[in-house]
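Following: one structure in structure tokens, then a few remarks.
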Amino acid sequence: MIEKLVTGYTFEQEKTYTVAQLQKMAIDCGDSNFIHHDMVQAKQSRFNEIIASGSAISAIFSAMIPAHISAMTPMLGLEMSFKFPSPIRPNTPIKMSWEISDTRTKTDATVVVTLNGIILDANNQTLVTAKAQIMLLPSF
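Okay, so the sequence shown: first residue is 1425 according to the working numbering, each after it adds one.
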């Protein structure tokens, strides 16, 4: 199955989060910013409602990689970065996608894989972008 993991390979998930789910995700990851918990204060913000915690979303989004790739081959995460150009709002369908943009075989039989990620809403507006690097390990 590792042969599938080449430049251009993609995988994705679709999700919709309710207000209660966004609040719980923020609490569970320790993000105490009112914009993720307090409906009254959030309504007074420029977003006019509760929005997703970047910490929580980045955890869920990044976890897609080992959930998908480690089913095919052992792997380790090396690095990740995220940008949040637009908020994820409650009850908004989103599509979270990762695409392999580069692979590089190292001398010790490991393969370093670079992935680009994007989260889009139903109107194809970019909500989150990400970059990740992982290492595929030889099978045990």
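C-beta: ideal position from N, C-alpha, C; glycine also.
**Report entry** Buried/exposed call for PRO1562, threshold 16 Cβ in 10 Å
**Finding:** exposed
Query raised in the report: How is GLN1549 classed by DSSP in three states: helix, strand or coil?
Result: coil
Requested in this report: Using three-state DSSP, classify VAL1536 as helix, strand or coil.
Outcome: strand
**Report entry** Endpoints, alpha helix (DSSP H) assigned at PHE1485
**Finding:** That run of the alpha helix (DSSP H) goes 1478-1493.
Query raised in the report: Taking the beta strand (DSSP E) that LYS1439 falls in, what are its first and last residues?
Result: 1434-1439
Report task. Give a yes or no on whether the C-beta atoms belonging to VAL1552 and ILE1543 are separated by under 8 angstroms. Result -> yes
Report task. Could you check how far apart the C-beta atoms of ALA1556 and ILE1512 are, in whole angstroms? I think they sit under 8 angstroms. Result -> About 19 angstroms; that fails the 8 angstroms criterion.
Requested in this report: Closer than 7 angstroms by C-beta to THR1431: which residues in its own chain qualify, once you throw out the five before and the five after it? Chain order, please.
Outcome: ILE1524, SER1525, ASP1526 and THR1527
**Report entry** Three-way DSSP call (helix, strand, coil) for LYS1555 in this model
**Finding:** Residue state, collapsed to three classes: strand.
Query raised in the report: Taking ASN1548 as the reference, which of LYS1519, LEU1560, ALA1444 and ALA1554 has the closest Cα?
Result: LYS1519
**Report entry** ASN1515 to LEU1446 span [Cα, whole Å]
**Finding:** 10 angstroms
Query raised in the report: Sorted by chain position, which residues of the same chain lie with C-beta nearer than 8 angstroms to GLU1436's C-beta, five sequence neighbours on each side aside?
Result: LYS1519, MET1520, SER1521 and TRP1522
Query raised in the report: In this structure, does DSSP put ILE1512 in helix, strand or coil?
Result: coil
**Report entry** Simplified DSSP assignment, three categories, for ASP1455
**Finding:** In the structure shown, ASP1455 sits in coil (DSSP, three-state: anything other than H, G, I, E or B).
Requested in this report: Report buried or exposed for SER1510, applying the criterion of at least 16 other Cβ atoms within 10 angstroms of its Cβ.
Outcome: exposed
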